[in-house]
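K.L.:
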Amino acid sequence: MAPSDTTHRAAAALRAAHDDPLLHARDWAARGRPVVGYVGADTPVELITAAGALPVRLTGRPGRDTRRARAYLGGAVDPHTVNLLAGLLAPEGPALDLLVLTHDCDASAQLFHTLRELRRIRAEELPPFHFADLLHLPGEATRRYNLRGLRRLADQLGAWRGAALTPAELEEAVAAHNAARAARRELRGRRAAELSGADALRWYTAGTVMPPGLYARTLTEALSAPGTPPPGRPLFLSGSAHDTAAVYDTLEAGGWRVVGDDHDSGDSADQPPVTQPTLEGLAEHYTREVRPATARTARERAGAAAAGVKAGRAEAFLCYCRRHDDAHRWDFPAQRAAAPVPSALLHDQPYGEIDTTGLDALSDRPATEVAS
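Just so you know, the working numbering puts 12 at position 26 of the sequence shown, and the rest follows in order with no gaps.
(1) If I measure Cβ to Cβ from S182 and keep anything under 6 angstroms in the same chain, skipping five residues before and after, which residues do I get?
(2) If you reduce the DSSP assignment to three classes, tell me which class G225 lands in.
(3) Three Cβ pairs or more, each shorter than 8 angstroms: is that satisfied between the stretch 31 to 51 and the stretch 282 to 297?
(4) Looking only at its own chain, which residues have a Cβ that is under 8 angstroms from the Cβ of P326, when we skip the five neighbours before and after it?
(5) Along the chain, where does the beta strand (DSSP E) that runs through P31 open and close?
(6) Taking the alpha-carbon positions, what's the T343 to R308 distance?
(7) How about Y306 and G252: do their beta carbons lie closer than 9 angstroms?
(8) Per DSSP, what kind of secondary structure is A(-4) in: helix, strand or coil?
(9) Taking C-beta to C-beta, are Y24 and V68 nearer than 9 angstroms?
(10) In terms of DSSP beta bridges, what is L304 paired with?
(11) Just reading off the alpha helix (DSSP H) that P258 is part of, what are its end residues?
(12) Beta carbon of L33, beta carbon of A159: below 9 angstroms?
(13) Looking at the unbroken beta strand (DSSP E) that takes in V21, where does it start and where does it end?
(14) Please work out which residues of its chain come closer than 8 angstroms, Cβ to Cβ, to D256, disregarding the five sequence neighbours upstream and downstream, and give them in chain order.
(15) So what's A118 in DSSP terms, helix, strand or just coil?
(16) Who are the near neighbours of A(-2) in its chain, counting only those whose CB is closer than 6 angstroms to its CB and skipping five residues on each side?
(17) Looking at the secondary structure, which residues open and close the alpha helix (DSSP H) in which D141 lies?
(18) State buried or exposed for G241, treating a residue as buried only when at least 16 other CB atoms are found within 10 Å of its CB.
(19) Could you tell me how far apart the beta carbons of F347 and R219 are, in whole angstroms, since I believe they sit closer than 8 angstroms?
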């Protein structure tokens, strides 16, 4: 079955949302509806939606002027986080009504501490912000700790809008985000056979800036007709997360096809549905079911690499590490041992770019390491 015009329009809408992350935020703001930005792969977006706001995951944009941000945060964290701060200091779209940050990684926590100090000394104009310190350990004590954190966030959102969140609002929000999760799972199951890696990433990240119900409908429509297997040698990509598809575009222009990945902007952001639309249900979900990449052990990441290579029938494995995002380098030996294909590590890569020098070695050697 050939894709219909409607299917093509849905695909174009997903790409547009990725390429212009503030597209829907501007529309919501123009209609007088609040926009809440968030930083953190484990942000409980259902609470933001229940409050009547649009949750928009903030991203860095290569080429953004980061000089002011570097004065506060340069050298302390990955350039991605410096880029996020630059976007907050010089907003490019509608002003955020609120900013929510989580502790999904040390860099997100460092960003929060920097914002708090800037507010204390009144050095910059900033939106109001809230820190949700969710943990991802298996014990009951962690679930109770997270439940208290979710209650604080719900109370903050209620105080901010002037009315407490209702059970009906939370139930409706959970249903909308569950529909978006189901559409994402369908995308993950079909991406290797039907999409380029760059398009899959664009479609994934569109879901972090669109209203969840609209995203579910648009993605379902885009997937309504089978795609054509794209060309390229299948590759599994690990390591640093990606704000844009630029690295994927470069790899695929060079003859590769990214059939799977394990970072928090790609396949690893998959979640099962929330089974109980209450604060207690969200606490259970975000404690047991949501695991940011930084919360996973080397053994878990090695297992994910092996499973991803097998599921996508990848012929090569690449670990890509940005400059100052070196933790993935220590996972690479276990990943290399687990993935039964030629492997390579590229470290010290510039933000939003990739130096592909040395990747030809994936054709004839079991493993290699290349630095830019």
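All residues carry an ideal CB built from backbone N, CA and C; glycine is no exception. Being a predicted model, the structure only gives us computed values, none of them experimental.
P.N.:
Inspection of the coordinates gives the following:
(1) Working through the sequence shown from its first residue, we reach residue 182 at position 196. Only P216, E238 meet the Cβ criterion.
(2) The residue you call residue 225 lines up with position 239 of the sequence shown. If DSSP states are grouped into helix, strand and coil, G225 belongs with the strands.
(3) no
(4) For this step, residue 326 is matched to residue 340 along the sequence shown. So the list reads A292, V295, once near-sequence residues are dropped.
(5) As a working note, residue 31 is residue 45 in the sequence shown. Reading the sequence as shown, one finds Val at residue 31 and not Pro. Segment 31 to 36 is the alpha helix (DSSP H) holding V31; no beta strand (DSSP E) there.
(6) Along the sequence shown, read from residue 1 onward, the residue named residue 343 stands at position 357. Along the sequence shown, read from residue 1 onward, the residue named residue 308 stands at position 322. Their backbone Cα atoms lie some 15 angstroms apart in a straight line.
(7) Counting from 1 along the sequence shown, the entry for residue 306 is found at position 320. Counting from 1 along the sequence shown, the entry for residue 252 is found at position 266. Result no, Cβ atoms of Y306 and G252 do not sit closer than 9 angstroms.
(8) Position 10 of the sequence shown holds residue -4. Helix at A(-4).
(9) Within the sequence shown, numbered from 1, the residue matching residue 24 stands at position 38. Within the sequence shown, numbered from 1, the residue matching residue 68 stands at position 82. Cβ distance not < 9 angstroms, so Y24 and V68 don't count as in contact.
(10) Residue 304 sits at position 318 when you count from the first residue of the sequence shown. DSSP, once it has assigned bridges, lists L223, A330 as partnering L304.
(11) Position 272 of the sequence shown, counted from the first residue, corresponds to residue 258. Looking at the DSSP string, P258 is not in any alpha helix (DSSP H), and its letter there is neither H nor E.
(12) Taking the sequence shown and counting its residues from 1, the one referred to as residue 33 is at position 47. Taking the sequence shown and counting its residues from 1, the one referred to as residue 159 is at position 173. Yes. Within cutoff.
(13) As a working note, residue 21 is residue 35 in the sequence shown. Residues 21 to 25.
(14) For the purposes of this step, residue 256 is taken as residue 270 along the sequence shown, with counting starting at 1. Closer than 8 angstroms at Cβ, skipping near neighbours: R167, R170, R171, R174.
(15) Walking along the sequence shown from the start, residue 118 turns up at place 132. Collapsing the DSSP output to three states places A118 in a strand.
(16) As a first step, residue -2 is located in the sequence shown; it is residue number 12 there, counting from the start. Result list for A(-2): empty, nothing under 6 angstroms.
(17) Along the sequence shown, one-based indexing puts residue 141 at 155. Start and end: 126 to 147.
(18) Within the sequence shown, residue 241 is the residue found at index 255, counting from 1. Exposed, by the Cβ-count rule.
(19) Numbered from its first residue, the sequence shown carries residue 347 at position 361. Numbered from its first residue, the sequence shown carries residue 219 at position 233. Reading off the sequence, residue 347 comes out as Ala, not Phe. With 8 angstroms as the limit, A347 and R219 do not qualify as a contact, their Cβ atoms being about 14 angstroms apart.
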